[in-house]
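Peer 1:
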Amino acid sequence: MAKVIVVTSGKGGVGKTTSSAAIGTGLALSGAKTVVIDFDIGLRNLDLIMGCERRVVYDLINVINGEANLQQALVKDKRTPGLFILPASQTRNKDALTKEGVEKVITDLKADGFEYIICDSPAGIEQGAMMALYFADEAIVTTNPEVSSVRDSDRITGMLSSKSLRSEQQLSPVKVHLLITRYCPERVQREEMLSIEDIDDLLGIDLVGVIPESQEVLNASNMGEPVILNTDSDAGKAYQDAVDRLMGIERELRFVKFEKKGFLSRLFGA
Amino acid sequence: MGLLQYFRKEAPKKGSAKLAKDRLQIIVAHEHSSAASPSYLPELQREIVAVIRKYMDISAQDVTCEFSDKAEDDISVLEVNVALPKNK
Ligand SMILES: Nc1ncnc2c1ncn2[C@@H]1O[C@H](COP(=O)(O)OP(=O)(O)OP(=O)(O)O)[C@@H](O)[C@H]1O
Ligand SMILES: [Mg+2]
Numbered sequence: 075m076a077k078v079i080v081v082t083s084g085k086g087g088v089g090k091t092t093s094s095a096a097i098g099t100g101l102a103l104s105g106a107k108t109v110v111i112d113f114d115i116g117l118r119n120l121d122l123i124m125g126c127e128r129r130v131v132y133d134l135i136n137v138i139n140g141e142a143n144l145q146q147a148l149v150k151d152k153r154t155p156g157l158f159i160l161p162a163s164q165t166r167n168k169d170a171l172t173k174e175g176v177e178k179v180i181t182d183l184k185a186d187g188f189e190y191i192i193c194d195s196p197a198g199i200e201q202g203a204m205m206a207l208y209f210a211d212e213a214i215v216t217t218n219p220e221v222s223s224v225r226d227s228d229r230i231t232g233m234l235s236s237k238s239l240r241s242e243q244q245l246s247p248v249k250v251h252l253l254i255t256r257y258c259p260e261r262v263q264r265e266e267m268l269s270i271e272d273i274d275d276l277l278g279i280d281l282v283g284v285i286p287e288s289q290e291v292l293n294a295s296n297m298g299e300p301v302i303l304n305t306d307s308d309a310g311k312a313y314q315d316a317v318d319r320l321m322g323i324e325r326e327l328r329f330v331k332f333e334k335k336g337f338l339s340r341l342f343g344a
Numbered sequence: 092m093g094l095l096q097y098f099r100k101e102a103p104k105k106g107s108a109k110l111a112k113d114r115l116q117i118i119v120a121h122e123h124s125s126a127a128s129p130s131y132l133p134e135l136q137r138e139i140v141a142v143i144r145k146y147m148d149i150s151a152q153d154v155t156c157e158f159s160d161k162a163e164d165d166i167s168v169l170e171v172n173v174a175l176p177k178n179k
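As structure tokens, this is what we get:
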């Protein structure tokens, strides 16, 4: 059964697009045909993060308006087999995103054999964000350990349980996962930053992963290569763990404790 | 600058995460309870204003209706406040 997964947050700039690219890539690497749809109409970015910006011809709105068909608009990823992206429009306004239009695109993607349909939501709670979450079976609520992000995550979780197709039709509720990103174990240890436990207490959502704050994320976006492909980086490994958990494989949390480097390891750079 | 002061300045501020959590706990609980408030509340408020207006000169802002349904209480509360402007 195909799964529609929205990556959402309410608050902007918390790592939705980074996570959509990483998780989409990870799911495709597992052998499942996967598409990542950019719902950020007017501010497309997913293409850059995935490194396919020069091959974008048509976009989601063209498909909805019947100006291009799905096959013309889907951009095939060069590195990862079975991975596609459906870019957002750079020019239209977000009202072009209709419920019927999005529904048809998702139905057609399912008919085309896609197993995972990842929806990269824009920030906020307007049309674009509501359309990105409306058809979701599962949601990845991306949260930074910071007050406004946590509050917005709580709001968006409320929307998932009241404004989604599943809630309106009284189907089983959207399965909500918490993804904490930009986590700094060192600052948590100094009690300057909300801890995983704090966020868990506040939101009460099942944790699917914790991505540490990492330089490699910026590096990856500079190169247009989802960070999960950097298998040496902590962030890449943490995203891989999250993908595994999404697929039901148990993984212990990593990179969440601060280990003070001892004199010797500092000396030898361990 | 004295030596002690110097050290104090460098010492990390402990515990602002705790304050963040406390504040979030309050606001999140508040937002949940207001999200749970019945959809007829604004209409109810308008009608109450209309009824009182038959007898006195008040404005719409003088009436507030709040619904609370806290998990730890046995009952839900509908709180209606009417502020009466002093006769000028
Ligand atoms: N784990 C991380 N470590 C360091 N930087 C990160 C991490 N995750 C994301 N970032 C950085 O945060 C910024 C915002 O990331 P991203 O674009 O993925 O957020 P977004 O939620 O999609 O934003 P928007 O709401 O604008 O769509 C980027 O500069 C990205 O490199
Ligand atoms: Mg984004």
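Chains as they are written, first to last, in my numbering: chain A, 75 to 344; chain B, 92 to 179. Every residue gets a Cβ at the ideal spot worked out from N, C-alpha and C, and that includes glycine. Just so it is clear, the structure is predicted and the values come from calculations on it, not from any experiment.
(1) What residue range does the alpha helix (DSSP H) around residue 346 of chain A cover?
(2) Residues around ligand 4, please: the ones whose beta-carbon is closer than 5 Å to some heavy atom of it, in chain order.
(3) If you draw a straight line from the alpha carbon of residue 176 of chain A to that of residue 136 of chain A, how long is it in whole angstroms?
(4) Assuming residue 255 of chain A contacts residue 214 of chain A under a Cβ cut-off of 8 Å, what Cβ separation, rounded to an integer in Å, is found between them?
(5) What does residue 276 of chain A reach in chain B if we use C-beta pairs closer than 9 Å?
(6) Please tell me whether residue 272 of chain A has its Cβ less than 9 Å away from any Cβ of chain B.
(7) Return yes when at least one heavy atom of ligand 1 lies under 8 Å from the C-beta of residue 292 of chain A, else no.
(8) From which residue to which residue does the beta strand (DSSP E) around residue 212 of chain A run?
(9) Measuring alpha carbon to alpha carbon, tell me which residue in A:210, A:293, A:181 is nearest residue 347 of chain A.
(10) For chain A, check one thing: does any of its Cβ atoms lie closer than 9 Å to the Cβ of residue 107 of chain B?
(11) Can you list, in chain order, the stretches of the alpha helix (DSSP H) that have 4 or more residues and sit fully within the segment 254-335 of chain A?
(12) Would you check if the distance between the CB atom of residue 270 of chain A and the CB atom of residue 282 of chain A is smaller than 9 Å?
(13) Who are the neighbours of residue 224 of chain A on chain B, taking C-beta pairs under 7 Å?
(14) Using only CA atoms, which one of A:301, A:313, A:319, A:144 lies nearest to residue 125 of chain A?
(15) Using the beta-carbon of each residue, which ones in chain A are nearer than 8 Å to residue 127 of chain B?
(16) What does a CB cutoff of less than 6 Å around residue 268 of chain A pick up in its chain, not counting 5 residues either side in sequence?
(17) Alpha carbons only, please: which of A:82, A:143, A:148 is nearest the one belonging to residue 127 of chain A?
(18) Measuring only between beta-carbons, confirm whether residue 122 of chain B sits less than 9 Å from chain A.
(19) Within the 9 Å Cβ cut-off, does residue 268 of chain A reach chain B?
(20) May I ask you to list, following chain order, the residues of the segment 236-265 of chain A that have a beta carbon less than 9 Å from some beta carbon of chain B?
(21) Rounded to the nearest angstrom, what separates residue 124 of chain B and residue 159 of chain B at their Cα positions?
Peer 2: The structure says:
(1) No information on residue 346 of chain A is available, as it lies outside the stretch 75 to 344 that chain A covers here.
(2) With respect to ligand 4, the structure offers nothing, as its ligand set consists of ligand 1 and ligand 2.
(3) If I take the Cα positions, the gap works out to 12 Å.
(4) Not confirmed; about 10 Å, so no contact.
(5) Residues of chain B passing the Cβ test: 112, 115, 116, 119.
(6) With respect to chain B, the C-beta atom of residue 272 of chain A has a partner C-beta closer than 9 Å.
(7) Inclusion of residue 292 of chain A in the 8 Å shell around ligand 1 follows from its C-beta lying nearer than that to a non-hydrogen atom of the ligand.
(8) 212-217 is the extent of the beta strand (DSSP E) around residue 212 of chain A.
(9) Since the first residue of chain A shown is 75 and the last is 344, residue 347 of chain A is not available in this structure.
(10) Answer yes: the Cβ-Cβ gap between residue 107 of chain B and chain A drops below 9 Å somewhere.
(11) Whole alpha helix (DSSP H) segments, 4+ residues: 259-263, 270-277, 289-297, 308-320.
(12) No; because the gap between Cβ atoms is not below 9 Å, this pair is not in contact.
(13) At a beta-carbon threshold of 7 Å, the residues of chain B lying near residue 224 of chain A are 115, ordered along the chain.
(14) For residue 125 of chain A, the nearest C-alpha among the options comes from A:301.
(15) Result: empty, since nearest Cβ-Cβ is about 10 Å, beyond 8 Å.
(16) Closer than 6 Å at Cβ, skipping near neighbours: 219.
(17) Closest option to residue 127 of chain A, judged by alpha-carbon separation, among A:82, A:143, A:148: A:148.
(18) Interface residue, yes.
(19) Yes, contact with chain B.
(20) Going along the segment 236-265 of chain A in chain order, one finds 236, 261, 262, 264, 265 with a Cβ nearer than 9 Å to chain B.
(21) Cα to Cα, residue 124 of chain B sits roughly 6 Å from residue 159 of chain B.
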